[in-house]
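Everything on this sheet refers to the single structure shown next.
Chains as they are written, first to last, in our numbering: chain B, 406 to 811; chain Y, 406 to 811.
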């Protein structure tokens, strides 16, 4: 039994939210001064918990146990989205620190240990999963060279240098050291809150397939070009988007989601018929078969718009991340722990959002759990989770760690 | 009979295209150094044609005849769109200068005269119809104070000062001085070129009704928010745009046009469901009744999207410029002139584009004529008109002036 300290847990979560406080949330972009200060603070907490802690060359805070027995790697990301919530990411890091402290205090398990990773830039200020990909050795120097800040264009190299991390080695995983990776995170959705549950046991992280769809027509004057002569790339885009809107529900599964996040008409002036148009489109599902079904239908619709004319329509694949199933034994440990601490108030569910766990899962067994997000709000400073759910979640997390180390 | 000099006409058009030459076209934004240089050059040409010429406080070049008899005001705009054609606007100014010279040389009409206006910023780098609106006294100082450059945000006041025009008086029209206003312009469309005609006699300048349509839903995470819980403002926008696409053709007239020139999804990130969305929509027709019919249908569709939910949809009127009928006697004079110089090779037609003539028409009778645009290309550096059409057009223009002064 690992006994966590609720006051210490909540106190640390409140304290770390001071680094970049924004209204009721936090603004702590990757490699901002407040992000670096928070990472130094986390390293200090890890050292207090008897871990050897370093901040590596891409900002990961890695705390390693000195024990000789079985180990788990725990963690999540430490930065936030812009003007976002106080628990997204950091909750999992502080759970890890609290479990490390509680494990040491428990005495009975002196040979077992946990390492902690506070990953950098899961939130993609520069490069998605920068930290966790670097840690599993799936990121080369050239990709780091090319990356820039998505808001202001600052090169990643420059940001790393300003943060005082240039020249530091990048830490890499030794998979043989671990039984696996366990991550806790806020749900970022409404399923748990809506159902009145306290814990979600992640069955898989959904696959996310992303596309850029480019339409080319002919730019011309909106007053002098008759409707029959137009090759309006914006109108072609609207036709495709409307077809997706009517066709996708017919082939979707219950939790399938699809989103057009951006539309750009070029040149974007009120009196000019757009000569080019672009949309960013994505869909997610935890079934590879369903993802393939969506893509096949999308290709049909794109081909139809392209063949019907008068504009060309091209589908460009941006990403095809496959669903990542969480380790069954980890799911079982989480379920047993939840049955102990929040009996009947948990559910198994896929994760619609991406998480560092899907990266670590490439090198070791991985599991993940959620705590509820009030009203499902995420990536906004009003994001919140009830204190009782934060505490209960940490108890479940600690219990699962105990079982997996046993 | 006013006899124009084709070589002098073409020579001046070629010469003035040197101010801001860009590839085969011209880049001469309002108040750029090349725009001011071109205006000074035009003032010099006006003086050579025995006109008293000034550049006023908003950049208008006004050349006034010293004759005592009947007068017409001729003109068009002198700046260009960015990286645009060599004839758009300036053609009508140089036609005016050529007619002034030819009128003086003809001797027979020594009491009659033409004044010339080379208007500023019809192309809306800062403020649409800045020059012509100022000239007819329909522009107050506060509007000038507020205007900024649409590309780089430079305040209009600052641009005027840099151009060396600060403190100069704004010239204003004395309508009693004129029988009316006559403007020549390239068509900017394909109707004349397609029909193999040389001259278009403008019957009216179409009304242009513009709207901003704003959709409000709820921003949320594209992975964790199920389809049934979404309030996707972008999806609502696509539904309205698709309805316009299917409904407007059913009630349109032959030359009606409608355009969605810009779509913005907010925040515009691939993995965020847009909480807000905006589209800029406009339609044009030369019938006020048709414009009203379009707006009524648009209001119905907006109401339907708003009532069906889950997003709100609001229609904001940006502009409702009514169609401006050109003076019938001016149309008749242009038609008689065309029948003389290009028999059978002209047509009456509405102008789908906006022109300074619609502003001057608020104070005096106004007429307008077009020369063909090769392949209808406009607002692009490849815009062009055959030399023979430029010359024939000027002959028709001069003949119409002669008839209207007679």
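Glycine included, every Cβ here is placed at the ideal spot set by N, Cα and C.
{"Asked": "CB contact below 9 Å: residue 594 of chain B versus chain Y", "Found": "yes"}
{"Asked": "8 Å contact criterion, which residue 801 of chain Y and residue 758 of chain Y should meet: CB distance rounded", "Found": "The Cβ separation is near 20 Å, so there is no contact."}
{"Asked": "Residue 776 of chain B versus B:786, B:438, B:769 and B:795, residue with shortest Cα-Cα distance", "Found": "B:795"}
{"Asked": "Chain Y contacts from the segment 619-647 of chain B (Cβ-Cβ distance under 9 Å)", "Found": "624, 625, 626, 627, 628, 629, 630, 631, 632, 634, 635, 637, 639, 640, 642, 643, 644, 646 and 647"}
{"Asked": "Contact under 9 Å by Cβ, residue 526 of chain Y with residue 536 of chain Y", "Found": "yes"}
{"Asked": "Residue 500 of chain Y - containing alpha helix (DSSP H), residue span", "Found": "495-511"}
{"Asked": "Minimum C-alpha distance to residue 413 of chain B - residue among B:539, B:637 and B:505", "Found": "B:505"}
{"Asked": "CB contact below 9 Å: residue 821 of chain Y versus chain B", "Found": "Not covered by the structure: residue 821 of chain Y. The range shown for chain Y is 406 to 811."}
{"Asked": "Residue 650 of chain B at chain Y interface by Cβ criterion, 9 Å", "Found": "yes"}
{"Asked": "Sheet register partners of residue 446 of chain Y (DSSP bridge)", "Found": "DSSP lists no partner for residue 446 of chain Y."}
{"Asked": "Euclidean distance between Cα positions of residue 499 of chain B and residue 418 of chain B", "Found": "7 Å"}
{"Asked": "Candidates Y:624, Y:616, Y:630 and Y:784, of which the one nearest residue 629 of chain B by Cα", "Found": "Y:784"}
{"Asked": "The segment 427-442 of chain Y contacting the segment 471-487 of chain Y, beta-carbon criterion three pairs below 8 Å", "Found": "yes"}
{"Asked": "Beta-carbon gap between residue 612 of chain B and residue 542 of chain B smaller than 9 Å", "Found": "no"}
{"Asked": "Assigned exposure category for residue 665 of chain Y - 16 Cβ within 10 Å defines buried", "Found": "buried"}
{"Asked": "Three-way DSSP call (helix, strand, coil) for residue 596 of chain B in this model", "Found": "helix"}
{"Asked": "Chain-ordered neighbours of residue 664 of chain B on chain Y, where CB pairs are closer than 7 Å", "Found": "627 and 678"}
{"Asked": "Contact set between residue 670 of chain Y and chain B, taken where Cβ atoms lie within less than 8 Å", "Found": "665, 666, 667 and 668"}
{"Asked": "Cα-Cα separation, residue 601 of chain Y to residue 749 of chain Y", "Found": "11 Å"}
{"Asked": "Three-state class that DSSP yields for residue 648 of chain B in the structure shown", "Found": "helix"}
{"Asked": "Cβ separation of residue 670 of chain Y and residue 668 of chain B, assumed to be a contact under 8 Å, to the nearest whole Å", "Found": "6 Å"}
{"Asked": "Reference residue 411 of chain Y; option with closest CA among Y:696, Y:684, Y:799 and Y:449", "Found": "Y:799"}
{"Asked": "Within-9 Å CB hit, residue 692 of chain B to chain Y", "Found": "no"}
{"Asked": "Given residue 723 of chain Y as reference, the closest of Y:682, Y:738 and Y:618 once Cα atoms are compared", "Found": "Y:618"}
{"Asked": "Residue 804 of chain Y: first and last residue of the uninterrupted alpha helix (DSSP H) it sits in", "Found": "792-810"}
{"Asked": "Short-range partners of chain Y found in the segment 777-792 of chain B, where Cβ spacing is below 9 Å", "Found": "778, 781, 782, 783, 784 and 785"}
{"Asked": "contact_flag[the segment 579-599 of chain Y, the segment 751-765 of chain Y] where n(CB pairs < 8 Å) is 3 or more", "Found": "yes"}
{"Asked": "Strand pairing of residue 687 of chain B, partner residues [DSSP]", "Found": "B:615 and B:664"}
{"Asked": "Inter-stretch contact at 8 Å, needing at least 3 Cβ pairs: the segment 629-644 of chain Y / the segment 671-683 of chain Y", "Found": "yes"}
{"Asked": "Beta-bridge pairing of residue 718 of chain Y - partner residues as DSSP gives them", "Found": "Y:620"}
{"Asked": "Members of the segment 740-769 of chain Y that neighbour chain B once the beta carbon cut-off is set at 9 Å", "Found": "756, 757, 758 and 759"}
{"Asked": "Inter-stretch contact at 8 Å, needing at least 3 Cβ pairs: the segment 579-588 of chain Y / the segment 767-775 of chain Y", "Found": "yes"}
{"Asked": "Within 7 Å of chain Y by C-beta, residues of the segment 519-551 of chain B in sequence order", "Found": "none"}
{"Asked": "Candidates B:688, B:532, B:471 and B:624, of which the one nearest residue 615 of chain B by Cα", "Found": "B:688"}
{"Asked": "Interface flag, residue 602 of chain B vs chain Y, CB-CB below 9 Å", "Found": "no"}
{"Asked": "Residue 523 of chain Y: first and last residue of the uninterrupted beta strand (DSSP E) it sits in", "Found": "518-524"}
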